[in-house]
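Residue numbers (the working numbering): 2 to 397.
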């Protein structure tokens with residue numbers, strides 16, 4: 002049986018494929034367009050070179066999605082190796098130049114040598130949709146944060162007192178800024194008319210908000226340069242934040258509706274601190290298939306909550322934070338651990354114990370997150386929801 006290995010250096014418009022045999026001899030080197038007919042032709046030519054082909058690629062989605070789907074649908078084993086790993090490994094190969102052909106050759110050779118790479122699998126349709134939805138939500142939240150920061154900067158330039166007293170994460174202050182941006186305009190309106198204006202726009206606690214902003218307006222009687230133009234910009238930015246809030250709310254509903262269709266919805270959301278959004282992000286980051294990790298330790302390492310050893314010579318037991326991990330999954334583990342401290346007595350006691358041992362806040366939260374990975378792993382393995390008191394073993 003002839004064994005061969007094919008490495009693909011993936012790109013958005015074109016890929017480069019290199020095929021090698023057991024001795025590392027190059028059998029094929031070709032640049033192909035990221036188009037189905039050309040990719041199918043490449044697959045046919047590669048299969049003609051050997052009896053069994055193992056494929057490697059340096060992207061797991063994006064521009065590589067089509068070629069991965071074609072290979073998997075034709076029963077071909079495909080392994081992922083990160084671009085960073087290829088970049089570091091290529092330094093040990095001959096030559097300093099960097100080309101797509103060399104990268105594809107390195108990928109093929111690494112796939113031939115290494116035995117620790119997990120094969121890529123076709124994703125569950127629900128998980129795929131959650132990846133798209135949660136990715137879009139992250140973009141919207143990032144846009145909202147940038148817009149709020151710009152809004153604060155503009156408002157502070159003409160009315161610092163108002164910027165200081167408004168909480169722009171709430172809808173009421175944003176609605177206020179779509180109508181009033183300067184101290185003079187607020188004073189002219191007066192409290193009664195301002196309350197009526199806010200209530201007509203369904204602002205909660207309109208009387209308290211009106212009192213707060215008019216107090217700030219009473220402390221500034223100076224008109225600053227560029228006030229009129231900046232006021233218009235404040236109005237525009239406030240309206241943009243409101244629109245972004247609405248978009249985030251809509252996509253949250255879509256995430257929840259799709260997440261509820263997953264078989265592990267009840268299991269994941271039963272964990273204290275893991276709500277709908279964080280649970281959906283957990284599935285999006287892991288793919289939902291725990292067998293791909295093998296153990297809870299590997300899942301914790303992938304999520305960046307397990308310390309990595311750094312021993313050398315006589316130095317042993319030296320642990321440090323890992324550098325290679327999934328940032329998105331670490332965020333899920335960390336934030337859910339923070340939430341659980343507030344809502345779960347067991348989590349709070351564990352956190353306080355770690356703090357009493359001398360650990361800093363972040364260290365204690367990461368230790369809690371690591372412990373929670375074991376619990377979540379066991380729940381998903383057994384298909385049961387979280388219970389404060391674990392079930393007792395059945396007696397014979």
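C-beta: ideal position from N, C-alpha, C; glycine also.
Looking at the backbone, the Cα of residue 298 and that of residue 329 are separated by about 18 angstroms.
Nearest to residue 51 by C-alpha distance, out of 340, 27, 39 and 35, is 27. A distance below 6 angstroms between beta-carbons, with the five flanking residues on each side excluded, links residue 285 to the following residues of its chain, in chain order: 131, 132 and 135. Only buried fits residue 263, as 16 or more other CB atoms lie within 10 angstroms of its CB. Secondary structure of residue 274 (DSSP, three-state): coil.
In the DSSP assignment, residue 387 falls outside any alpha helix (DSSP H) and carries neither an H nor an E. DSSP places residue 156 within a helical segment (H, G or I) once states are collapsed to three. DSSP places residue 290 in the coil class of the three-state scheme, outside both helix and strand. Between the beta-carbon of residue 242 and that of residue 169 there is about 7 angstroms, and that keeps the pair under the 8 angstroms contact cut. Going by DSSP, residue 252 is part of the alpha helix (DSSP H) stretching over 228-260.
Exclusion of the five residues before and after residue 68 leaves 9, 11, 16, 35, 40 and 58 as the residues of its chain whose Cβ lies within less than 8 angstroms of its Cβ. Residue pairing by DSSP places residue 8 opposite 19 and 57 in a beta bridge. In the structure shown, residue 205 adopts coil according to DSSP, grouped into three states.
Three or more Cβ pairs closer than 8 angstroms define a contact, and the segment 153-165 falls short of that threshold against the segment 202-212. When rounded, the separation of the alpha-carbon atoms in residue 61 and residue 292 is 18 angstroms. Around the beta carbon of residue 2, a 10 Å sphere encloses fewer than 16 other beta carbons of the protein chains shown; the residue is thus reported as exposed. About 7 angstroms separates the beta carbons of residue 138 and residue 256, which is inside the 8 angstroms limit, making them a contact pair.
Rounded to the nearest angstrom, the gap between the Cα atoms of residue 196 and residue 303 is 52 angstroms.
Look at residue 74 here: in three-state DSSP terms it is helix. According to the DSSP secondary-structure assignment, residue 34 is paired through a beta bridge with 15.
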